[in-house]
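Here is the structure we will look at, set down as structure tokens.
Number of protein chains: 2
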Amino acid sequence: MSRTAAALVIGNEILSGKIADTNTAFLARGLFELGIELRRVVVCGDEVDTICSELNALRSSHDLVFTSGGVGPTHDDVTIEGVAAAFGRPIVRSEAVESVIRHYYGDRATEAHFRMANMPEGAEMLRSAEAPWPTVVIENVYVLPGVPEIFELKFTDLRKRIDHGHEFHSQAVYTKSGEGEVASLLEEIAQAFPSVMVGSYVKWQAEDYRTKVTFDGNDPEQVAKAADMLVEKLDPALFVRREQ
Amino acid sequence: MSRTAAALVIGNEILSGKIADTNTAFLARGLFELGIELRRVVVCGDEVDTICSELNALRSSHDLVFTSGGVGPTHDDVTIEGVAAAFGRPIVRSEAVESVIRHYYGDRATEAHFRMANMPEGAEMLRSAEAPWPTVVIENVYVLPGVPEIFELKFTDLRKRIDHGHEFHSQAVYTKSGEGEVASLLEEIAQAFPSVMVGSYVKWQAEDYRTKVTFDGNDPEQVAKAADMLVEKLDPALFVRREQ
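As given, the protein sequences belong to chains D and R, one line each in that order. Under my numbering, think of the first position of the first sequence as 13, with each following residue one higher. Under my numbering, think of the first position of the second sequence as 13, with each following residue one higher.
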């Protein structure tokens, strides 16, 4: 049974289309590589009550939850307040982070900067050589920043912690068949191999294939057999190649 | 009062990181231009029950809901079933769409292709010269495909229908200030102009500015006054430029 995960992406700038969220795609790929099933993503605005209720819904129904965004120094950065409210904990100021801020900004440090040292009481703070600025963790919730470069750095750093060695295995078969022509065969394969996720992707731009069929699962043997079944049943003239 | 919108993005391929969703960003920009406030986006997998419950939550609390994905011919395309379940309507086969499919695929048409003619009973079907394949609409829910080229074509076509002429107005001020240095001033401006959304975006790559401050709202005069306030109170040495 795979572990499950959810993401809460926080930011008015994403909902207004000013910034395109790339963190979800990065997180999705990373979790998939670790065999963790991302089941739900919610994008919401910078509002304490909304963050609190969305987070409570997600953390009670998934093994891991990642938040993205809303942890900077400005008035609309309210993720920490939302997280603290969700756990019913007061906000306290971390002296360790305060000293990082003082060191980094020196005389330019303002009260707004020091807001970034606010933490829900009892939160764990993860630091490493690669990500010296701490990542806030409370129970199964990982609070990550919205800036993609830092989000990616921090998630990459977290992988060691959350990797339990149950990665997914994947194979792909490329065919000249259209999606509609292989649909009933794919349904048959999906029923024959219930532990394997079967997906199909149409190529709209000109390529040497029309449909890419993917097979993913925790059991490499089942994945291979499901892909075998497609290759065997496909008209050989329509087979292009296999990736394993 | 702006109208509100939500999006339900449906697809295992997005949650597994195989495909990066670009439809949300396109939709977000388009709705913003029309003065419609996108308040919530949910990404979920290809499961009828999940789509049904997510859609019911979104459509009861937003003026407009857009779904993306899960409307193709394969076994995992179950959005129509989910939408029909949410509205408690049976699925019927549209003869008009059946004939489009017959015309398009000719002898290659399979039963899987004809699944794409399934509709919740009583759904409206929007067609136009630009988007001859119909868009399914039920009450406040617009069912759009996941393929970005078609999603974009269809949404662009829908704009005329949903545009009520209350677009947002935007201005931006670029400054050499860091976000932390202007944070308290931005909070003051946000409080002085409650109808204006004030956002700030740090530039991490080298540019002639460090922070872009945005002002958005339905009332152009309030937007301009909020931007004026920042320009007046900012140290002139840190002002870079204004976009209006």
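Ideal Cβ positions, reconstructed from N, Cα and C, are used throughout, including at glycine.
>> Pull the bridge partners of L50 (chain D) from the DSSP assignment, please.
In response: D:A17
> Checking contacts by CB at 8 Å: is T226 (chain D) closer than that to chain R?
Replying inline: yes
>> Residues of the stretch 29-47 of chain D in Cβ contact with chain R at a cutoff of 9 Å, in chain order, please.
In response: G29, K30, I31, A32, D33, T34, T36, A37, F38, L39, A40, R41, G42, L43, F44 and E45
> Going by beta carbon distance, what residues of the same chain come within less than 6 Å of A98 (chain D), once the five residues before and after it are set aside?
Replying inline: C64, L67 and N68
> Between A17 (chain D) and S80 (chain D), what straight-line distance do the alpha-carbon atoms span, to the nearest angstrom?
Replying inline: 14 Å
> Just curious, the beta strand (DSSP E) that E110 (chain R) is in, first and last residue?
Replying inline: Careful: E110 (chain R) lies outside any beta strand (DSSP E), inside the alpha helix (DSSP H) at E107 to Y117.
>> Does the CB of D88 (chain D) have a neighbour CB from chain R at under 8 Å?
In response: yes
> Would you say V153 (chain R) and V53 (chain D) are within 8 Å of each other, going by their C-beta atoms?
Replying inline: no
>> Using CA atoms only, rank isn't needed, just tell me which of D:S212, D:Q183 and D:R127 is closest to P232 (chain D).
In response: D:Q183
> For P85 (chain D) and chain R, any beta-carbon pair shorter than 8 Å?
Replying inline: yes
> Just to confirm, are V149 (chain R) and A135 (chain R) a CB contact at a threshold of 8 Å?
Replying inline: yes
>> Only counting the same chain, and skipping five residues up and downstream in sequence, which positions put a Cβ closer than 8 Å to that of A249 (chain R)?
In response: K188
>> Using a 10 Å radius around the Cβ and a threshold of 16 neighbouring Cβ atoms, would you call T226 (chain D) buried or exposed?
In response: buried
> With a CB to CB cut of under 6 Å and the five nearest residues on each side skipped, what residues in its chain are close to Q256 (chain D)?
Replying inline: Q183
>> Nearest by alpha-carbon distance to D175 (chain D): which of D:L46, D:T34, D:S28 and D:K30 is it?
In response: D:L46
> Which residue spans inside the stretch 122-186 of chain D form an unbroken alpha helix (DSSP H) run of at least 4?
Replying inline: 123-127 and 160-174
> Apart from the five residues on each side of it in sequence, which residues of its chain come closer than 6 Å, Cβ to Cβ, to I48 (chain R)?
Replying inline: R15 and A17
> Which value, in whole angstroms, describes the spacing of the CA atoms of E164 (chain D) and W216 (chain D)?
Replying inline: 30 Å
> Under 8 Å Cβ-Cβ, which residues of chain R neighbour Y221 (chain D)?
Replying inline: Per Cβ cutoff of 8 Å: no residues; Y221 (chain D) is ~15 Å from chain R at best.
>> Which residues in chain R have a C-beta closer than 7 Å to the C-beta of S212 (chain D)? List them in chain order.
In response: T86
> Shortest alpha-carbon distance to Y221 (chain D) belongs to which of D:P206, D:R253 and D:V60?
Replying inline: D:R253
>> Using CA atoms only, rank isn't needed, just tell me which of R:M137, R:D89, R:I92 and R:T86 is closest to E107 (chain R).
In response: R:M137
> Sorted by chain position, which residues of the same chain lie with C-beta nearer than 7 Å to T36 (chain D)'s C-beta, five sequence neighbours on each side aside?
Replying inline: A19, V21 and V53
> So the alpha helix (DSSP H) E59 (chain R) belongs to, where does it begin and stop?
Replying inline: Careful: E59 (chain R) lies outside any alpha helix (DSSP H) and carries neither H nor E.
> Excluding the five sequence neighbours on either side, which residues of its own chain have a C-beta within less than 6 Å of the C-beta of A260 (chain D), listed in chain order?
Replying inline: Absent from the structure is residue 260 (chain D), since the part of chain D shown begins at 13 and ends at 256.
> List, in order along the chain, the chain R residues whose C-beta lies closer than 7 Å to that of A202 (chain D)?
Replying inline: H87
> Rounded to a whole number of angstroms, what is the C-alpha to C-alpha distance between G84 (chain D) and E110 (chain D)?
Replying inline: 14 Å
>> Just to confirm my understanding: we take G57 (chain R), look at its own chain, exclude 5 residues before and 5 after, and list those with CB closer than 8 Å. What are they?
In response: I22, G23, N24 and L27
> Could you give the distance in angstroms between the alpha-carbon of I31 (chain D) and the alpha-carbon of A121 (chain R)?
Replying inline: 41 Å
>> Run through chain D and tell me which residues come within less than 8 Å of N24 (chain R), C-beta to C-beta.
In response: M209 and G211
> Taking 8 Å as the CB-CB cut-off, is E133 (chain D) touching chain R?
Replying inline: no
> For A202 (chain D), which of D:G229, D:E193 and D:R127 has the nearest alpha-carbon?
Replying inline: D:G229
> Span of the beta strand (DSSP E) holding S212 (chain R)?
Replying inline: M209 to V214
> Thinking C-alpha only, which one of R:D75, R:E123, R:T62 and R:D88 is nearest G94 (chain R)?
Replying inline: R:T62
> Between which two residues does the beta strand (DSSP E) harbouring D240 (chain D) extend?
Replying inline: Premise fails: D240 (chain D) lies in the alpha helix (DSSP H), P232 to K245, not in any beta strand (DSSP E).
> Taking Cβ positions only, does V55 (chain D) come closer than 8 Å to chain C?
Replying inline: In the displayed structure, chain C is absent; the protein chains listed are D and R.
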